[in-house]
Amino acid sequence: MKLKIAGGRVIDPAQKLDKVVDLYIDDGAVVALGEQPENFVAEEVIDASGQIVAPGFIDLCAELGEPGQTRRGTIASETAAAAAGGITTLVTPPTTSPVVDTTAVAELIQDRALDSGFARVLPLGALTKGLEGEQLAPLHALATSGCIGFTNAREPIASSLVLLRALEYAATHDLLVVFQAEDRTLVANGCMHEGSTSTRLGLVGIPAAAETIEVSRCLLLVEETGVRAHFGQLSCAGSVTLIEQARLRGLPVTADVSAHQLLLIDENVDGFDSLFHVNPPLRSASDRDGLRNGLVTGTIAAICSDHQPQDEIAKEAPFAATEIGMSSLETLLPLSLIMVDEGWLEMSDLIDRLSRGPAKILGIEAGTLEVGSAADLCIFDPEMRWSPTADQLRSKGKNTPFKRIELKGRVTLTLLGGIPVFRL
Amino acid sequence: MFESKQPHRVQLTANGQLKHFITTEGLPIELLTEILDTADSFVDMGAQQVKKVPLLRGRTVANLFFENSTRTLSTFELAAKRLSADVLNLNIATSSTKKGETLKDTLMTLAAMQSDMFVVRHSDSGAAHFIASEVTPGVAIINAGDGRHAHPTQAMLDMLTIRRHKGDFTKLRIAVVGDVLHSRVARSQLHALRTLGAAEVRVIAPRTLLPRDVESFGVKVYQDLTEGLRDVDVVMTLRLQRERMTSALLPSESEYFKLYGISDDRLAFAHPEAIVMHPGPINRGVEISSAVADGRRSVILDQVTNGIAVRMAVMSMAMSGQQAERQAAIEGATTDEA
Numbered sequence: 001m002k003l004k005i006a007g008g009r010v011i012d013p014a015q016k017l018d019k020v021v022d023l024y025i026d027d028g029a030v031v032a033l034g035e036q037p038e039n040f041v042a043e044e045v046i047d048a049s050g051q052i053v054a055p056g057f058i059d060l061c062a063e064l065g066e067p068g069q070t071r072r073g074t075i076a077s078e079t080a081a082a083a084a085g086g087i088t089t090l091v092t093p094p095t096t097s098p099v100v101d102t103t104a105v106a107e108l109i110q111d112r113a114l115d116s117g118f119a120r121v122l123p124l125g126a127l128t129k130g131l132e133g134e135q136l137a138p139l140h141a142l143a144t145s146g147c148i149g150f151t152n153a154r155e156p157i158a159s160s161l162v163l164l165r166a167l168e169y170a171a172t173h174d175l176l177v178v179f180q181a182e183d184r185t186l187v188a189n190g191c192m193h194e195g196s197t198s199t200r201l202g203l204v205g206i207p208a209a210a211e212t213i214e215v216s217r218c219l220l221l222v223e224e225t226g227v228r229a230h231f232g233q234l235s236c237a238g239s240v241t242l243i244e245q246a247r248l249r250g251l252p253v254t255a256d257v258s259a260h261q262l263l264l265i266d267e268n269v270d271g272f273d274s275l276f277h278v279n280p281p282l283r284s285a286s287d288r289d290g291l292r293n294g295l296v297t298g299t300i301a302a303i304c305s306d307h308q309p310q311d312e313i314a315k316e317a318p319f320a321a322t323e324i325g326m327s328s329l330e331t332l333l334p335l336s337l338i339m340v341d342e343g344w345l346e347m348s349d350l351i352d353r354l355s356r357g358p359a360k361i362l363g364i365e366a367g368t369l370e371v372g373s374a375a376d377l378c379i380f381d382p383e384m385r386w387s388p389t390a391d392q393l394r395s396k397g398k399n400t401p402f403k404r405i406e407l408k409g410r411v412t413l414t415l416l417g418g419i420p421v422f423r424l
Numbered sequence: 425m426f427e428s429k430q431p432h433r434v435q436l437t438a439n440g441q442l443k444h445f446i447t448t449e450g451l452p453i454e455l456l457t458e459i460l461d462t463a464d465s466f467v468d469m470g471a472q473q474v475k476k477v478p479l480l481r482g483r484t485v486a487n488l489f490f491e492n493s494t495r496t497l498s499t500f501e502l503a504a505k506r507l508s509a510d511v512l513n514l515n516i517a518t519s520s521t522k523k524g525e526t527l528k529d530t531l532m533t534l535a536a537m538q539s540d541m542f543v544v545r546h547s548d549s550g551a552a553h554f555i556a557s558e559v560t561p562g563v564a565i566i567n568a569g570d571g572r573h574a575h576p577t578q579a580m581l582d583m584l585t586i587r588r589h590k591g592d593f594t595k596l597r598i599a600v601v602g603d604v605l606h607s608r609v610a611r612s613q614l615h616a617l618r619t620l621g622a623a624e625v626r627v628i629a630p631r632t633l634l635p636r637d638v639e640s641f642g643v644k645v646y647q648d649l650t651e652g653l654r655d656v657d658v659v660m661t662l663r664l665q666r667e668r669m670t671s672a673l674l675p676s677e678s679e680y681f682k683l684y685g686i687s688d689d690r691l692a693f694a695h696p697e698a699i700v701m702h703p704g705p706i707n708r709g710v711e712i713s714s715a716v717a718d719g720r721r722s723v724i725l726d727q728v729t730n731g732i733a734v735r736m737a738v739m740s741m742a743m744s745g746q747q748a749e750r751q752a753a754i755e756g757a758t759t760d761e762a
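Chains as they are written, first to last, in this note's numbering: chain V, 1 to 424; chain A, 425 to 762.
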């Protein structure tokens, strides 16, 4: 299929490109920017005037619910939601049931994603069998069957010896290890950030040290082993500092943050609204500013959705008794755009954090619109105002606090390998 | 960006009347004073031979205790009966929730039995607020304790006891002693004392029993009991649960009593006319010595008596708030039709 995307402002940080230019697509790939190739007859001309054309977003953390938790979401429903959010590639954690510790589960996820055809899905494999923190999962076999990296998710490996060995083994095969850092003993039965809001609400707090202690431990072992490591969904300013220092020492470490952590803080929990019950918890305003600064300096190279769909019942209880998570694929762009509106990032830097940045973390050829690359892209109107509603959200999880809240910026078209997978 | 769902907003009608009683936080001084004034009149009534008033006649009050408490349940039951309500006591800790029924289903079922008021005790902070805002907004919710969040009727009975003994709050130095971290009573007391304009509020406890940023309640923090008790007019002790000893918060009961227990020796540092309070049940020799608990400065039994009056006051006020709101809704609907 031959497509011409006409009159859009094409922003591609990989080429340092930011100008109004036509873009030509043939056979699933970008074939030209600017000048129309000879003999090119577009089957469809997409008018992108007044809009931004960007590489498809790459989301480093989105739960899909499948296999095993399909009342929360299916690969089909959640990848359709991703497409609506402009996301063309997403990384999904191994916290399915069963967990991704066998090649069969890894392959099943990829097969279902291919069948659905809305987005490229890259599974993360479990670092240890059953995420139990005792025995190594078959890392090499899992990598061979498509796992992009390995993590023990939010099941920290208690034994530093097991962790050290897991990292050594991953380093042997040059595999990427992803940390979602938390110290279980400090989290205990906490359900929100420990601070004046948790004190007033009488909710059990999770201190910032629950994250920074685990980040420190992991960094020391990364230094010991030289493994490629990525820290996902940071919530504390202190973690950003630790990672910045490690990078200055030359450690091969990267980090991301979820869009909602850039915007929301613990005070939003005042009112016990369970839609703000997330993990890591929403932290203080100064943590939020630390995360924003990390994004500006590049210590944090990617913004992810940290999408966790939940069914309605999961959120209908007193705060601490509710399930954790926010449905956030479809709000990734408008929440991220607030960074541009408030002057923290240039538009091209924001797009870098949503596409090229995460691609580099993963070491994949994606996140660019260079001639010859796959035509994974999205077109969005940064000024369009809209308010998400439960009916309109494609995700099975309607658990977002942004329902009926006016947001700015909306994806109008998403292409996956040159094929439209979402049109507004 | 977001509309505030803070608890104190949920509990008031558009006209600022009480329709649920979930927390003392954020309530205006006029409303707290109204509760105290109303309760005052009920205290006097309790001393008479006929103790009943017909304010809640024909109404059904359901006491829903998801956490066991014989004492609190009894005082609520008595308060409802003195207001002439029909009372249903449900000890849910041992029934439906164990069968997997959700809290929401349990409450919807009880609302369908046409209850007018739920008195709710639950181990989760925010439970009463959740019920009032999400489940059954048309049923008056009285919070009888939710997790560590609030126990507003206990706090108001303490305020009533202080006012009846000491009068004007703006002249008082008050110390809250003990396990503030786990205490819903303390949180409700601190909010109420601040609103009522207490001259100085102190909290006295080791750091393991104080929540982060406790100063945000507008209190002075003392780690030393003698320092903290100096010249105070009111000593409010908090209950210390036995399981705190096994969770690395404190080394032992005897060490706690030695450092933070209220004994006559320690009380000597307070104002000579200082009163001593405790929400009960008392651990004698842990938070307070028997001599103090039974001594002339103890007002612990007055607290119990005042508790019934305060509960009668908030129950009758919340019921009339609900009624006023229903009336307003009906009138609003009629206006729309016209």
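Just so it is clear, CB atoms sit at the ideal spot from N, CA and C, and this is done for glycine as well. Only a predicted model underlies this, so the values are computations on that prediction, with no experimental measurement involved.
Legend entry - Short CB-CB distance (under 9 Å) between A:H546 and chain V: yes
Inset, instruction - May I have the straight-line CA-CA distance separating V:K398 from V:Q69, to the nearest angstrom? - result: 15 Å
Inset, instruction - Could you name the residues of the same chain whose beta carbon sits closer than 8 Å to that of V:L263, not counting the 5 residues immediately before and after it, in chain order? - result: R288, L335, I338
Inset, instruction - Below 8 Å between beta carbons is the criterion; list the residues of the region 233 to 266 of chain V that meet it against any residue of chain A, in chain order. - result: none
Inset, instruction - Tell me, please, whether the CB atom of V:L203 is closer than 9 Å to any CB atom in chain A? - result: yes
Legend entry - Those residues which DSSP pairs with V:C236 across a bridge: V:C236 pairs with nothing; no bridge assigned.
Inset, instruction - Please confirm if A:M718 has its CB atom under 9 Å from at least one CB of chain V. - result: Inspection of the sequence shows that residue 718 of chain A is occupied by Asp rather than by Met. Not an interface residue.
Legend entry - Simplified DSSP assignment, three categories, for V:P358: helix
Inset, instruction - Kindly list, in the order they appear in chain A, the residues whose Cβ is closer than 8 Å to that of V:S196. - result: R636, D637, S640
Legend entry - Spatial distance of V:K129 from V:A166 (CA atoms): 11 Å
Inset, instruction - Determine the burial state of V:K16: buried for a count of at least 16 other Cβ atoms within 10 Å of its Cβ, exposed for fewer. - result: exposed
Inset, instruction - Compare the C-beta of A:K528 with all C-beta atoms of chain D and state if any pair is closer than 9 Å. - result: Going by chain labels, chain D is absent from the structure shown, which instead holds the protein chains V and A.
Legend entry - Delimiting residues of the beta strand (DSSP E) encompassing A:I628: 624 to 628
Legend entry - Residues that V:M192 bridges to, as DSSP identifies them: V:G205
Inset, instruction - Look at the alpha carbon of V:E346 and the alpha carbon of V:E383, and state the distance between them as a whole number of angstroms. - result: 15 Å
Legend entry - Three-state class that DSSP yields for V:L424 in the structure shown: coil
Legend entry - Local conformation of V:V99 per DSSP, three classes: coil
Inset, instruction - For the alpha helix (DSSP H) containing A:K505, list its first residue and its last residue. - result: 494 to 506
Inset, instruction - Quick one: give me the first and last residue of the alpha helix (DSSP H) that V:M326 is part of. - result: Taken as a continuous stretch (DSSP letters only), V:M326 belongs to no alpha helix (DSSP H), as it is neither H nor E.
Legend entry - Rounded straight-line distance, which links the Cα of A:A568 to that of A:L581: 12 Å
Inset, instruction - Taking only beta-carbon positions, decide if V:T199 is within less than 9 Å of chain A. - result: yes
Legend entry - Residue of V:T225, V:V45, V:L362, V:P67 minimising C-alpha distance to V:L161: V:T225
Inset, instruction - Would you mind telling me which residues of chain V sit closer than 9 Å to A:G569, beta carbon to beta carbon, in chain order? - result: The contacting residues do not exist; A:G569 stays about 10 Å from chain V at best.
Legend entry - Where the alpha helix (DSSP H) containing V:A425 begins and where it ends: Lying before the first or after the last residue shown, residue 425 of chain V is absent from chain V, which here runs from 1 to 424.
Legend entry - Residue-chain proximity (V:P281, chain A), Cβ-Cβ < 9 Å: no
Legend entry - Nearest-angstrom Cα separation, counted from A:K682 out to A:D655: 20 Å
Inset, instruction - Please look up how many angstroms separate the CB atoms of V:A62 and V:F118, rounded, as I've assumed it's under 8 Å. - result: With 8 Å as the limit, V:A62 and V:F118 do not qualify as a contact, their Cβ atoms being about 12 Å apart.
Inset, instruction - For A:R735, decide whether its Cβ has a neighbour in chain V, counting only Cβ atoms nearer than 9 Å. - result: no
Inset, instruction - Evaluate the contact criterion for the region 436 to 455 of chain A versus the region 745 to 758 of chain A: three or more CB pairs, one atom per stretch, below 8 Å. - result: yes
Inset, instruction - Please say whether A:L514 and A:A486 have beta carbons closer to each other than 9 Å? - result: yes
Legend entry - Against chain A: residues of the region 301 to 335 of chain V by CB proximity under 8 Å: I313, E316, A317, P318, F319, A320, A321
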